[in-house]
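> Take this structure first; my questions come after.
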Amino acid sequence: MNPYLSMRGITKVYKDMEVPANSNVDFEVKTGEIHALIGENGAGKTTLMKILYGLELPEAGDIYIKDQEVKIHSPLEANRLGIGMVHQHFKLIGDFTVAENIVLGIEPKKNLFFVNREEAIKKVAEVIEKHNFHIDPSTKVSKLTVGQMQQVEIIKMLYRNVDLLVLDEPTSVLTEQEIQRLFETLRYLLTLGKTIIIITHKLNEVMEIASRVSVMRKGVMVATRNIKEVDKKELARLMIGKSVLFQINKEIVACGEPVVELKDVTLYQRGRQTPLLQDLNFSVHSCEILGLAGVGGNGLGELEDILSGLRKISKGKIYHNEENVTNLGAEALRNRGFAYVPADRLNRGSSLTTTVKENLIVSNHHSFLSRGVIKRKMVQDFVDTLQKGFSIDGDPDKPIGTLSGGNIQKVILARELAGKTDFIIFSEPTWGLDIASSQFVYEKILEIRKQGVAVLLISSNLDELLSLADRIIVLYKGRIVANRINDDTLDNEGVGEYMLGLRDDFARKGDNHGE
Amino acid sequence: MVSGMILPEKGITMANKKSIKEHLAGAVGLLITLAAAFIIVLILVFLLSKDPLRTISYFFSGPFRNKFYFGNMINASIPLIFTGLGISLAFKSSMFNLGGEGQVYSGGLAATAVCLALPLANPFLGSIFALIAAFAAGGIIAGLSGVFKMAWDTDELITSFLISSALILIVDFIITGPMDDPTNNLLATSPIPLQYRFLKIYPPSKLDISLFFALFFAAGVYFFMNRTHWGYEMRMCGLNREFARYGGINVGKFMVIPMILSGGLHGLGGGFAILGTYDMCLKGFSGGMGWNGIAVALIAKNNPLAVIPAALFFAYLEAGAKAAMLHSDVTFEIAAIVQSVIFYLVTAQALYGLVSSKKRKAL
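Below is the structure:
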């Protein structure tokens, strides 16, 4: 059978990113199949689907639908070609009714100008009835559960008569029962002759629902397999890949005292049954790089927020140098010597419209004060020193947004390493950086480790973790599933199995989570 | 900027070129807006006035025809400088104070009450007390909205407006009820003692020494925002609250402080108007000062120093409308329409800049 969709040689390079998000990607989907597109965070799955849906234009490559070459410049064109997408973050308007959301953009008109509400509700009700959904088209979307909102998105696509439905991480926000209901819906859509692409990184779900699977890694399509011919281990190996060793000269430094210690740290979220983080116990020692791995959505981001004082925990204790610092705010933690290089460097780590200079002093502007006035001469000297020391390329009086990604990260590093610190969090410190900038970051991390600082390194780049970390902890569904010394017994595949929930060193008896 | 263009780094040169271009675009835009406003005014006046040339001439040159008009125009800009400063300070911190009207009015009443309560005090100390009371009245009222936002995440835009609207009625009641002076046949309190009334500096107009205070405060707010510890923290909160919180700045505190300062400046505007211009608290004396302050801040793009010319421009429009009304056949309503047309266009231009820069930020 000819493929329904065929993407050939797709290449996409984002500005400020030296590594292409998609590099010469070939991707084929057959009519009437559920095709899973899997890969780690940042592997390029979403970019590829954005190109298919007209949200991004590729630098190179062609798209064919039923052997016809097509150019897709906008989601509306994609809809016209029969392609629909359900985004990870729903594109719904909370104050509109279900029907209004579904007809949005193609509303039935009355007298040229006015939306025909009755007609809209009637038409939507027909679609809902026909496909056996249980949603009242006149309810406001803000009153629906997350699972129902997703159904609305799917109904929206059915209303538009799409033949190919793309779902971006559809299960990440759903409960177990809602996931099962979604899968029933997807199987039903297959019987209508629809074709489905599902983007995910959850291997259990791939095995359950998909008939074929394509794996992406670092912007490259590495394999496409029939589901019957692979197992989860094989997929994990394909996703994570073989280790690429970095050029890092890591000296052996004896581990010191624990600097930060977590005791039974638990985080609940209102409206969620399972905790986001559950009974975390670990400590970070001086002269130690503790690597923290996990697939997105398993609690890494929450832990990052907690240890930087931006989020409060529900239960447990956190100690710094044996003093209780549980739920202290960012200011108090910084005063105690915490430093933090966040993953979100464009919104949290810097203020894009603010000058480089003012970005550099946000955490230590107190030290330039004389009777409440900031001494500009002192700031200038400080900024000059940092700019030289970290070879930051750019005008310190211009907004930091005018700098390149690598230079923005250097500004953040310079600021965080400038103060007296004994505990520092690095979250995705080299994400999107080129090799030279990454190398610079690694050297800095190793340098402060040698000085006795306790380092927590959160990264989705396993090569980076395995090259730098002294110990590695893996989080899966908010729990620690591995806490191991990083020695020869630990490799990419091993960590990958922990990350995907295939292995658990701390499993309780009778608790077969992950299945 | 020229020196920037010869720097070898490509990125910097480009950024500079862009900003020059943007500045030029901004200036050209403002000129086009003013020209369009002028044309619309001409059309309106030709339609509505029997003697259009006389009307136009008074509208534009009226404020400069004699010392009285000119001085009063400058005097009218003084409260607008205070309210404009108050608004720009709040906006810079990403806090929205829509309660200016009530804050000015309450500040005026508080200053009057202090003056009346201390009939024999030293004029210097007495007026300082009166101004502190004015600042405190406005500051507390606006500060409440900041506290509510910090504690319960209520929208300060709505609470400040609601609180102010209620207060206007209460102040109205106090002026016409408990504090009304039946001897002066006005809906007003008794006049404040003579020693508190500010020195007039440009007779026969009402212009008084408050002008120097207004200029001083504009410079002060500029220095405060750009050079001091709190100013820095407030601006960081305003530009990116997530970043400020990450950097260890207490963002809750800077929901309250900008509102207190903003309300305080509004209150001072009311206080200075009483001591300098009105000599007693008249019912509704401050009507429009709060709203116009928002417009002034918008035109000034929240720059405290630019607030001065923006307030003068606004006062000029108002004085022109008044002059045209007195010396030709246009009625108050027509003068007001002409004035608002100019004003709408200029604010639209200022707003457009604000919105498009926000959009750029979002991208």
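Protein sequence lines, in the order shown, are assigned to chains A and B.
Under my numbering, the first residue of the first sequence is numbered 108, with each subsequent residue one higher.
Under my numbering, the first residue of the second sequence is numbered 8, with each subsequent residue one higher.
Where is the CB? At the ideal position from N, CA and C, for every residue including glycine.
1. Closest to Val448/A by CA distance: which of Phe533/A, Val490/A, Thr373/A, Gly436/A is it?
2. Select from the stretch 234-249 of chain B all residues with a C-beta closer than 9 Å to any C-beta belonging to chain A, and list them in chain order.
3. How about Gly271/B and Gly109/B: do their beta carbons lie closer than 8 Å?
4. Can you find a C-beta in chain B that's less than 8 Å from the C-beta of Pro503/A?
5. Where Arg252/B and Gln202/B are concerned, what is the direct C-alpha to C-alpha distance, given to the nearest angstrom?
6. Is Asn129/B close to chain A, meaning its C-beta is less than 8 Å from at least one C-beta of that chain?
7. Within 10 Å of its beta-carbon, does His427/A have 16 or more other beta-carbons around it, so buried, or fewer, so exposed?
8. Determine, using beta carbons only, whether Ile507/A comes closer than 8 Å to chain B.
9. Since Gly648/A meets chain B, which of its residues come closer than 9 Å, beta carbon to beta carbon?
10. For a contact meaning CB atoms closer than 9 Å, what does Asn310/B contact in chain A?
11. Count the CB pairs spanning the stretch 401-416 of chain A and the stretch 377-386 of chain A that are closer than 8 Å, and state whether there are at least three.
12. For Gly139/A, collect the residues of the same chain with a Cβ closer than 7 Å to its Cβ; drop the 5 residues on either side in sequence, then sort them by chain order.
13. Note down, in chain order, each residue of its chain lying with its Cβ closer than 6 Å to the Cβ of Ala150/A, except the 5 sequence neighbours on either side.
14. Among residues of its own chain, excluding the 5 on either side of Ile531/A, which ones have a beta-carbon nearer than 8 Å to its beta-carbon?
15. Nearest to Ala195/B by CA position, among Ile349/B, Glu249/B, Leu123/B, is which residue?
16. Could you tell me whether the Cβ of Ile347/A comes closer than 8 Å to any Cβ of chain B?
17. Anything in chain B within Cβ reach of Ala437/A, meaning under 7 Å, just list it in chain order.
18. Let me know the secondary structure DSSP gives Lys4/B once reduced to three states.
19. Can you check the stretch 221-290 of chain A for any beta strand (DSSP E) of at least 3 residues that lies completely inside it and give the ranges in chain order?
20. For Glu677/A, which residues does DSSP report across the bridge?
21. Which residues of chain B have a Cβ atom closer than 8 Å to the Cβ of Gly479/A, listed in chain order?
22. How big is the Cα-Cα spacing for Thr307/A and Met606/A?
23. To the nearest angstrom, report how far apart Gln175/A and Met192/A are at their CA atoms.
24. Rounded to whole angstroms, what's the CA-CA distance from Ala450/A to Pro244/A? Just pull it up for me.
25. At a CB distance below 7 Å, what residues from the stretch 416-433 of chain A approach chain B? Give them in sequence order.
26. Answer yes if the stretch 219-233 of chain B comes into contact with the stretch 86-99 of chain B, meaning at least three C-beta pairs across the two stretches below 8 Å, and no otherwise.
27. Who are Pro110/A's beta bridge partners in DSSP?
28. Could you tell me whether any non-hydrogen atom of the ligand MG is closer than 7 Å to the CB of Ala227/A?
29. Let's see if you can read the secondary structure: which residues bound the beta strand (DSSP E) around Phe533/A?
30. Report the option in Met241/B, Lys207/B, Leu87/B, Trp237/B whose CA atom is closest to the CA atom of Ser100/B.
31. State the beta-bridge partners of Thr99/A as determined by DSSP.
32. Rounded to the nearest angstrom, how far is the Cβ of Thr282/A from that of Lys309/A, given a contact under 8 Å?
33. Where DSSP assigns a beta bridge to Leu582/A, which residues make up the other side?
34. Using 8 Å as the threshold, is the stretch 295-302 of chain B in touch with the stretch 133-142 of chain B, meaning 3 or more CB pairs across them?
35. Please report how far the alpha carbon of Glu315/A lies from the alpha carbon of Arg610/A, in whole angstroms.
36. Could you spell out the range, first to last residue, of the beta strand (DSSP E) harbouring Asn454/A?
Taking the definition as stated:
1. Phe533/A
2. Arg234, Thr235, His236, Trp237, Gly238, Tyr239, Glu240, Arg242, Met243, Leu246, Asn247, Glu249
3. no
4. no
5. 49 Å
6. no
7. buried
8. no
9. With chain A running from 108 to 622 in the structure shown, residue 648/A is simply not present.
10. Neighbours of Asn310/B on chain A: none; closest Cβ ~15 Å, over 9 Å.
11. yes
12. Leu297, Gly300, Thr302
13. Met323, Arg324
14. Phe445, Ala446, Tyr447, Val448, Glu523, Leu524, Ile555, Val560, Ala561, Val562, Leu563
15. Leu123/B
16. no
17. Arg252, Tyr253, Gly255
18. Residue 4/B falls outside the range modelled here, since chain B spans only 8 to 370, and no answer is possible.
19. 271-275
20. Residue 677/A lies beyond the range of chain A shown here (108 to 622); nothing can be said about it.
21. Thr235, His236, Trp237
22. 14 Å
23. 20 Å
24. 40 Å
25. Leu417
26. yes
27. Lys137/A
28. Ligands displayed in this structure: none; no statement on the ligand MG is therefore possible.
29. 530-534
30. Met241/B
31. With chain A running from 108 to 622 in the structure shown, residue 99/A is simply not present.
32. Not really, about 14 Å apart at Cβ, beyond 8 Å.
33. Ile587/A
34. no
35. 19 Å
36. Counting along the chain, Asn454/A falls outside any beta strand (DSSP E), and DSSP gives it neither H nor E.
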